[in-house]
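So the number in this note's numbering is just where the residue sits in the sequence shown, counting from 1, plus 5.
Just so you know, even glycine gets a beta-carbon here, dropped at the ideal spot from N, CA and C.
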Amino acid sequence: MLQVCLNGARERTESAHLPVTPQELAEAAREAVDAGAQDIHLHPKNHDGEDTLEPTHVDAAVAAVRAAVPAVPIGVTTGAWTMPDAQQRAALVRSWTVLPDHASVNWHEDGATTVASTLLERGIGIEAGIYSGTQAARHFLAWPQAHRVLRVLAEVTDTNPQTAPDAAASLLNELSSTNLPILLHGEETAAWTILHTAATRGLDTRIGLEDVLQLPDGTPVTSNAGLIRAAHAMIQAFGQFP
Numbered sequence: 006m007l008q009v010c011l012n013g014a015r016e017r018t019e020s021a022h023l024p025v026t027p028q029e030l031a032e033a034a035r036e037a038v039d040a041g042a043q044d045i046h047l048h049p050k051n052h053d054g055e056d057t058l059e060p061t062h063v064d065a066a067v068a069a070v071r072a073a074v075p076a077v078p079i080g081v082t083t084g085a086w087t088m089p090d091a092q093q094r095a096a097l098v099r100s101w102t103v104l105p106d107h108a109s110v111n112w113h114e115d116g117a118t119t120v121a122s123t124l125l126e127r128g129i130g131i132e133a134g135i136y137s138g139t140q141a142a143r144h145f146l147a148w149p150q151a152h153r154v155l156r157v158l159a160e161v162t163d164t165n166p167q168t169a170p171d172a173a174a175s176l177l178n179e180l181s182s183t184n185l186p187i188l189l190h191g192e193e194t195a196a197w198t199i200l201h202t203a204a205t206r207g208l209d210t211r212i213g214l215e216d217v218l219q220l221p222d223g224t225p226v227t228s229n230a231g232l233i234r235a236a237h238a239m240i241q242a243f244g245q246f247p
């Protein structure tokens, strides 16, 4: 499975092509799906371009993207930077009226189980975000409800292309006891290296302006669709797509 991560916690100053508004997210999602994306991850933004879990913005973003690509699963962030207090994050999740198909929960953050339990209560799938170089894998695997998540989001935070593959191997080893689907991805200068690793291992992966702003050859990219096309070609080389 190839997921597109449309925007992340980035700001427009980092890329003029970053989708921020619901309408921009919808158009970017449509283009990415046309290019081969099979799943969507996005960060709803407020009017200042900041990540938010406020229902007005989450509902608008999810509704717009769902209308654009009705058959494609849509996920959102629940990152602690949007609201440091986990109980308040959980309360915001309960206030959503247009529900995403899934949401990511970062297991190195305080209150991860509180937010995750609320998502389960609402029937929203969970992407368990496990960062390399943290105790997240141990904490997640010890959670009694770990078997109920949709997938594990194995996130390699090492951005050095030379050392990131070793970080990925170590992270996957930490997760070896789970039978859950694993989506492996990297970021910035190691994003394409880790996508290559995921392709060689036959794992789900993702690409998008959240993770990287350049194509594999270093050319600045102008759209999520451009990243998806490049990723699709790389994965297809390993026989993962028909």
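Given a cut-off of 8 Å on the beta-carbon distance, is the pair residue i and residue j in contact?
i              : j              : result
alanine 85     : glutamate 132  : no
proline 9      : isoleucine 45  : Note that residue 9 is valine in the sequence shown, not proline. Result yes, Cβ atoms of valine 9 and isoleucine 45 sit closer than 8 Å.
valine 161     : isoleucine 187 : no
tryptophan 101 : valine 63      : yes
alanine 34     : leucine 11     : yes
asparagine 229 : alanine 65     : no
glutamate 19   : leucine 218    : yes
glycine 116    : alanine 91     : yes
valine 120     : arginine 94    : yes
tryptophan 112 : glycine 80     : no
Ends of the alpha helix (DSSP H) at residue i?
i             : result
aspartate 171 : 169-179
threonine 198 : 196-206
glutamine 121 : Note on identity: in this sequence residue 121 is alanine, with glutamine being the wrong assignment. 117-126 is the extent of the alpha helix (DSSP H) around alanine 121.
threonine 61  : 60-73
glycine 231   : 229-241
glutamine 219 : Note, glutamine 219: premise wrong, no alpha helix (DSSP H); not H, not E.
I'd like the list of long-range same chain contacts for residue i, defined as Cβ closer than 6 Å, with 5 residues on each side in sequence excluded.
i            : result
leucine 176  : Ser137 and Ala159
alanine 68   : Val103
aspartate 56 : Ala14, His48 and Thr87
First and last residue of the beta strand (DSSP E) that includes residue i?
i             : result
valine 103    : Run containing valine 103: none; DSSP gives neither H nor E here.
glutamate 160 : 156-160
Assuming the contact rule is C-beta atoms closer than 8 Å, residue i and residue j should be a hit. Round their C-beta distance to whole Å, please.
i             : j            : result
alanine 236   : leucine 23   : Their Cβ separation, rounded to whole angstroms, is 18 Å, which puts alanine 236 and leucine 23 out of contact at 8 Å.
threonine 82  : histidine 48 : 5 Å
threonine 227 : alanine 195  : About 21 Å; that fails the 8 Å criterion.
alanine 31    : alanine 72   : 7 Å
leucine 97    : leucine 146  : The pair is not a contact, with the Cβ atoms about 27 Å apart (cut-off 8 Å).
histidine 107 : proline 75   : Going by Cβ atoms, the distance from histidine 107 to proline 75 rounds to 16 Å, so no, they are not a contact pair.
Only counting the same chain, and skipping five residues up and downstream in sequence, which positions put a Cβ closer than 7 Å to that of residue i?
i             : result
leucine 185   : Val154, Arg156 and Val157
threonine 118 : Trp148
alanine 169   : Val161, Asp163, Gly191, Ala195, Thr198 and Ile199
glutamine 28  : Ala69
Looking only at its own chain, which residues have a Cβ that is under 8 Å from the Cβ of residue i, when we skip the five neighbours before and after it?
i           : result
glycine 253 : Any question about residue 253 goes unanswered here, given that the chain covers just 6 to 247.
leucine 125 : Ile131, Gln150 and Arg153
valine 110  : Thr83, Ala117, Val120, Ala121, Leu124, Ile131, Glu132, Ala133 and Gly134
Subject >> contact_flag[the segment 213-228, the segment 171-188] where n(CB pairs < 8 Å) is 3 or more >> reply: no
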